[in-house]
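Input: a single structure, listed below in structure tokens.
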Amino acid sequence: MISFFKKKIIIPHIRLSGVIGSAGRFNQGIDFTGQQEIIKKAFSFKKAKNIAISINSPGGSPVQSHLIHDYIKQLAKKNKKKVIIFAEDVMASGGYLIACAGDEIYANSSSIVGSIGVISASFGFQDAIKKIGIQRRVYTAGKNKSTLDPFKEEKKEDIERIKKLQLELHSDFIEVVKKSRGSKLVDPEKNNTFTGEFWSGSTSVKLGLVDGIGNAEQILREKFGEEAVIKKLEKQKSFIAKKLSSSIDNQLDNVIGVLEERALWQKFGL
10 MISFFKKKII IPHIRLSGVI GSAGRFNQGI DFTGQQEIIK KAFSFKKAKN IAISINSPGG
70 SPVQSHLIHD YIKQLAKKNK KKVIIFAEDV MASGGYLIAC AGDEIYANSS SIVGSIGVIS
130 ASFGFQDAIK KIGIQRRVYT AGKNKSTLDP FKEEKKEDIE RIKKLQLELH SDFIEVVKKS
190 RGSKLVDPEK NNTFTGEFWS GSTSVKLGLV DGIGNAEQIL REKFGEEAVI KKLEKQKSFI
250 AKKLSSSIDN QLDNVIGVLE ERALWQKFGL
């Protein structure tokens, strides 16, 4: 007997956008705690066999990137679902690490993809405080407790210690990419895939970092048909964040956070 009631294909679709980690007083960026609920909700659709995730991020915290990556992998395995990732403007650094949780990765031809590396940045204010007559007084228990204090001269041993840590984190990042992309990667050593360089979406296909070119709507329709229901899920901004975020813009920590976020985006020309 022929069934006249064809089951609709449902594809939950979530979007992760922003700098990874805490961005401002109300965590406007992407972090595990802030995204856990929406990710879990996407995987809660029992009839959905595929989950779509769009990423628009220049990177940020390695820890938060790993936590989100691992959580997506965990839920995909537990619920036996396939994850399809889509890059928007930028899917770089920690943004690409999260993307490695996907079974397939797609990008726009003009998307910025890659930046598989680790970076630390800070400011040096030691000359500035001298000019305005301020004395820096720091008391510690533990000789390395004030490593890279922005108000003191840099020390060679501090820099060496930071570089060693960066190499460890970089190695972890590379392993995630290799495990995810496997044989799809095209001669990564020759193509400087793991040097922190970044490329257009078109070149990323050639390097094996992504599987093809196209946006979420286009690719999902091609794969599952015009009748497929793409269910977009959005994280709700809290009432307190809406009301109070504008009142703290002049606070120093928020200003610095905004500047750091802007610097990350501008690195990729945005």
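Start counting the sequence shown at 10; every next residue gets the next number (my numbering).
Cβ coordinates follow ideal geometry from the N, Cα and C atoms, glycine included.
Following the continuous beta strand (DSSP E) through residue i, name the residue where it begins and the one where it ends.
i      : result
Phe207 : 207-209
Pro21  : 19-26
Taking the alpha-carbon positions, what's the residue i to residue j distance?
i      : j      : result
Lys172 : Glu198 : 21 Å
Gly69  : Glu236 : 37 Å
Ser345 : Ile183 : Absent from the model: residue 345. The displayed extent of the chain is 10 to 279, so no value can be given.
Thr202 : Val219 : 12 Å
Lys241 : Arg170 : 44 Å
Val185 : Gln44  : 20 Å
Thr212 : Met100 : 14 Å
Ala96  : Ser120 : 7 Å
Lys140 : Ile222 : 54 Å
Lys16  : Thr204 : 47 Å
Gly217 : Ser66  : 20 Å
Ile239 : Glu231 : 12 Å
Gly27  : Glu243 : 14 Å
Near residue i, what residues of its chain come up, given a Cβ to Cβ distance below 6 Å and the 5 sequence neighbours on each side ignored?
i      : result
Pro71  : Leu178
Leu290 : Residue 290 lies beyond the range of the chain shown here (10 to 279); nothing can be said about it.
Val127 : Gln175, Leu178, His179
Phe233 : Ile18
Lys91  : Asn59, Asp112
Ala108 : Ile64, Ile94, Met100, Ile114
Lys187 : none
Leu25  : Ile39, Ile64
Ile228 : Tyr115
His22  : Ala61, Ile239, Lys241
Who are residue i's beta bridge partners in DSSP?
i      : result
Ala116 : Ile222
Phe95  : Ser63, Tyr115
Ala101 : Gly123
Lys241 : His22
Ile39  : Ile29
Gly69  : Ile29
Could you pull out every residue in the same chain whose Cβ sits closer than 8 Å to the Cβ of residue i, ignoring the five residues on either side in sequence?
i      : result
Gln73  : Ile29, Gly30, Ile39, Asp40, Phe41, Gly103
Asp181 : Pro71, His75
Within a Cβ cutoff of 7 Å, which residues of the same chain sit near residue i, ignoring the five residues on either side of it in sequence?
i     : result
Tyr80 : Phe41, Gln45, Ile48
Lys56 : Ile19
Ala51 : Pro21, Ile23, Ile60, Leu242
> Is it a yes or a no for the segment 78-88 touching the segment 200-208, going by three-plus beta-carbon pairs under 8 Å?
Replying inline: As far as the Cβ criterion goes, the segment 78-88 does not touch the segment 200-208, which means the pair count is below three.
>> Does the contact criterion of 3 or more C-beta pairs under 8 Å hold for the segment 191-199 versus the segment 99-112?
In response: no
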